[in-house]
Amino acid sequence: MEEMELVYKRPESLTPAHTHYCPGCTHGIIHRLIAEVLDELGVRERTIGIAPVGCSVLAYYYFNVDMAEAAHGRAPAMATGLKRVSPDKVVFTYQGDGDLAAIGTAEIIQAASRGELFTTIFVNNAVYGMTGGQMAPTTLPGQRTTSSPAGREVETAGWPIKVAELIAVLPGTAYVTRQAVLDIPTIRRAKKAIKLAFQTQLAGLGFSMVEIISTCPTNWHMDPKEALEWAKEHMLAYYPLGDTKVSDGVRALM
Amino acid sequence: MAKELIEGNVAIAEAAIRAGLEAFYGYPITPQTEILEHLSWRMPQEGRVFLQAESEIASINMVYGAACAGVRVMTSSSSPGISLMQEGFSYIACSEVPAVVINVMRGGPGLGNVQPSQGDYFQAVKMAGHGDFHMIALAPASVQEAIDLVVLAFDLADRYRTIAMVVADGAIGQMMEPAELPPMRPVRRPEERPTWALTGAKGRKPNIITSLYLSAETLERVNLALQAKLRRIAAQETRWKEYRTEDAELLLVAFGTVGRICQTVVREARALGMRVGLLRPITLWPFPSTRLAALASRGRGILVVEMNAGQMVEDVRLAVEGCCPVQSYGRMGGVIPLPDEILPELKNM
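Chains as they are written, first to last, in the working numbering: chain A, 5 to 258; chain B, 9 to 357.
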């Protein structure tokens with residue numbers, strides 16, 4: 005048998021654990037992108053992650069780095085406390101839309117505003133996944149969920165929050181962007197953005213956040229392919245992709 | 009070090025620095041704000057971390073984060089702010105990371121007022137947050153004791169990997185007394201951080217700090233271990249002070265500021281020929297139940313005096329198991345009970 009070159013393997017920053025995520029869920033892709041970036045930057049051994057409450061609550065089993073599990077929405081406060089006493093470490097929070105944009109709104113806005121030197125990966129799939137698909141702060145107008153069975157009525161439930169735009173206006177932020185993991189080109193761009201976010205932290209330029217448009221086939225009641233198409237058509241129309249904040253320091257890194 | 013005239017809140021803050029406090033996260037609220045203010049300039053002066061958080065919820069979660077990193081960390085607040093921190097207390101207790109919390113109690117419930125109170129006794133010893141756990145609760149009766157208990161709180165929190173709360177009332181926080189500060193201890197060097205701490209998985213497996221255990225059997229095992237630790241703390245760390253209990257047939261039980269007032273009551277009662285003594289719990293949890301039961305067995309009654317509607321009295325009754333009558337006298341809303349009103353209560357027993 006001729007010798008073959010190994011061209012693709014599990015990043016060192018991921019553990020061999022099987023994830024608990026549903027078939028077609030995009031958390032796995034996002035985990036891998038973060039792990040590849042940590043490997044490429046050579047920072048795995050000095051990285052500390054903060055997992056949220058939500059579908060990715062068990063992320064600490066999947067990342068091969070030191071990790072803590074936060075209370076619902078409080079990851080940015082925990083990351084702040086931890087990073088301030090560990091300035092030489094690379095710190096990230098991994099949060100979903102209910103965690104970051106509902107119960108943890110104060111914590112994320114204040115941490116971003118202070119320009120905390122950690123990176124937030126914000127996964128937006130428009131529903132509360134773990135509790136079974138209730139309306140999230142990012143659920144689209146008219147979108148049916150188990151707690152908006154007639155579709156989100158903005159007159160009573162309000163409008164979905166555009167987090168990347170909201171965070172970008174805060175002077176303490178250095179790099180804020182919205183990306184997606186819906187096909188090969190968006191996945192490649194998302195990885196580039198995640199890398200730039202961690203580089204922003206390493207350069208001490210300010211707060212960095214990557215919002216990632218994701219899917220939830222299970223709670224959207226679609227097959228994985230259908231969910232990707234639905235996200236492209238509906239999510240991206242309300243949540244346009246692209247950078248919302250690039251400070252001069254970050255631009256120099258690009 | 010010589011004694012100096014120092015305000016309770018400032019003394020608490022400075023004692024924490026001397027104990028090796030590496031990071032403070034807090035939010036202003038009367039009557040403890042001087043702790044935050046003092047640390048806002050003293051911590052940077054010592055090259056340590058001070059951050060004013062956006063809320064008490066953020067404060068306690070910042071404390072949680074820094075505790076995970078293995079440093080000595082503290083927050084301080086007063087009653088309504090402590091209520092907001094309870095979620096964090098529960099996570100910290102289950103995760104078994106050390107943290108120190110100061111509660112300079114004010115009148116409640118609700119927004120209440122900013123007068124001294126002991127209305128948070130139940131909260132400190134029985135309902136610190138959801139789930140089965142206790143915090144170590146230390147109650148000072150003077151500025152000097154507040155200093156000593158802050159230092160002790162850090163040592164106990166580290167030794168048992170738990171939360172230690174110093175439960176002071178507003179009177180302790182606001183009054184000035186001569187007191188002696190302890191010598192300065194250095195902060196832990198980065199390489200001295202505990203092996204369980206989150207310091208980066210360099211040359212070792214990753215450390216995980218969590219309070220999530222999805223299987224019933226696993227979570228029960230975690231709880232059993234936690235309960236075993238609490239029993240160890242109760243066996244080794246119960247603290248109290250006694251005054252004239254050697255021949256007492258009537259016993260006063262009071263903590264904090266009221267404990268001090270009751271010392272005057274004992275003197276006045278003794279002058280009238282009454283054989284009265286005082287037991288002042290220093291650890292509210294663990295509670296000095298065994299000693300109390302022993303004293304009760306040879307007395308003819310106990311009067312529990314508090315600045316609340318009668319909270320600690322429940323623990324006293326549990327401790328003495330009906331072997332003598334237990335009466336309660338409490339003032340609320342920030343009213344401090346005075347010897348002149350306590351003495352008649354004693355006489356009626």
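A virtual CB, placed ideally from N, CA and C, is assigned to each residue, including glycine.
When the options are compared against residue i, the one with the closest alpha-carbon
i                 : options                               : result
Leu92 of chain B  : B:Ala77, B:Asn111, B:Ser103           : B:Asn111
His35 of chain A  : A:Tyr179, A:Trp234, A:Phe126          : A:Phe126
Leu170 of chain A : A:Ala79, A:Ile33, A:Gln114, A:His22   : A:Gln114
Met192 of chain B : B:Phe295, B:Glu22, B:Gly16, B:Asp128  : B:Glu22
Gln138 of chain A : A:Ile107, A:Ala235, A:Gly102          : A:Gly102
Arg299 of chain B : B:Leu259, B:Pro186, B:Leu47           : B:Leu259
Pro134 of chain A : A:Lys87, A:Ser90, A:Ala231, A:Pro221  : In the sequence as displayed, the identity of residue 134 of chain A is Met instead of Pro. Among A:Lys87, A:Ser90, A:Ala231, A:Pro221, the Cα nearest to that of Met134 of chain A belongs to A:Pro221.
His76 of chain A  : A:Thr109, A:Gly162, A:Met213          : A:Thr109
Gln271 of chain B : B:Val81, B:Ser103, B:Arg288           : B:Arg288
Asn69 of chain B  : B:Ile43, B:Pro148, B:Ser98, B:Thr41   : B:Ser98
Arg88 of chain A  : B:Thr207, B:Arg306, B:Ala10, B:Met143 : B:Thr207
Val95 of chain A  : A:Gln203, A:Ala256, A:Thr219          : A:Gln203
Arg14 of chain A  : A:Ile54, A:Tyr25, A:Phe67, A:Ala241   : A:Phe67
Pro194 of chain B : B:Arg56, B:Met357, B:Glu42, B:Thr38   : B:Arg56
Val81 of chain B  : B:Ile155, B:Thr38, B:Ala172, B:Asn17  : B:Ala172
Whole-angstrom C-beta distance between residue j and residue i, which should lie under 8 Å
i                 : j                 : result
Met340 of chain B : Asn316 of chain B : 6 Å
Gln123 of chain B : Ile90 of chain B  : Contact flag wrong, Cβ pair sits at about 16 Å.
Ala145 of chain B : Trp248 of chain B : Incorrect: roughly 13 Å between the Cβ atoms, too far for contact.
Gly210 of chain A : Thr181 of chain A : With 8 Å as the limit, Gly210 of chain A and Thr181 of chain A do not qualify as a contact, their Cβ atoms being about 14 Å apart.
Glu73 of chain A  : Val61 of chain A  : 7 Å
Enclosing alpha helix (DSSP H) for residue i [first to last residue]
i                 : result
Trp224 of chain A : 221–224
Met93 of chain B  : 87–103
Met303 of chain B : The question names Met, yet the displayed sequence has Leu at residue 303 of chain B. Taken as a continuous stretch (DSSP letters only), the alpha helix (DSSP H) holding Leu303 of chain B covers 297–305.
Met320 of chain B : 320–328
Lys249 of chain A : Per DSSP, Lys249 of chain A belongs to no alpha helix (DSSP H); it is in the beta strand (DSSP E), 246–250.
Trp234 of chain A : 228–234
Ala75 of chain B  : 64–76
Ala145 of chain B : Unbroken run through Ala145 of chain B is the beta strand (DSSP E), 144–146; no alpha helix (DSSP H).
Closer than 8 Å to chain A by CB, residue i
i                 : result
Val109 of chain B : no
Asn121 of chain B : no
Thr218 of chain B : yes
Met357 of chain B : no
Ser48 of chain B  : no
Pro214 of chain B : yes
Met70 of chain B  : yes
Gly96 of chain B  : yes
Val245 of chain B : It is Glu, not Val, that sits at residue 245 of chain B in the sequence shown. Chain A contact via Cβ: absent.
Leu227 of chain B : no
Ser223 of chain B : no
Thr207 of chain B : yes
Glu353 of chain B : no
Leu92 of chain B  : no
Test: residue i CB closer than 8 Å to a CB of chain B
i                 : result
Ala194 of chain A : no
Ala75 of chain A  : yes
Met128 of chain A : In the sequence on display, residue 128 of chain A carries Asn and not Met. It does not: the Cβ of Asn128 of chain A has no partner Cβ on chain B nearer than 8 Å.
Arg14 of chain A  : no
Gln99 of chain A  : no
Asp70 of chain A  : yes
Val173 of chain A : no
Arg78 of chain A  : yes
Gln114 of chain A : yes
Tyr66 of chain A  : no
Glu40 of chain A  : no
Ile125 of chain A : no
Ala161 of chain A : no
Val61 of chain A  : yes
Thr51 of chain A  : yes
Glu111 of chain A : yes
Span of the beta strand (DSSP E) around residue i
i                 : result
Thr51 of chain A  : 51–55
Trp248 of chain B : 248–251
Tyr179 of chain A : 177–184
Met213 of chain A : 211–217
Tyr33 of chain B  : 31–34
Trp293 of chain B : 291–293
Phe58 of chain B  : 57–60
Met184 of chain B : 184–187
Residue i: contacting residues in chain E (beta-carbon distance under 9 Å)
i                : result
Tyr33 of chain B : The structure shown has no chain E; the protein chains it does contain are A and B.
Bridge-paired residues (DSSP) for residue i
i                 : result
Asp177 of chain B : B:Met113
Glu73 of chain A  : A:Ala55
Ser336 of chain B : B:Val312
Thr123 of chain A : A:Phe96, A:Ser212
Met82 of chain B  : B:Phe32, B:Val108
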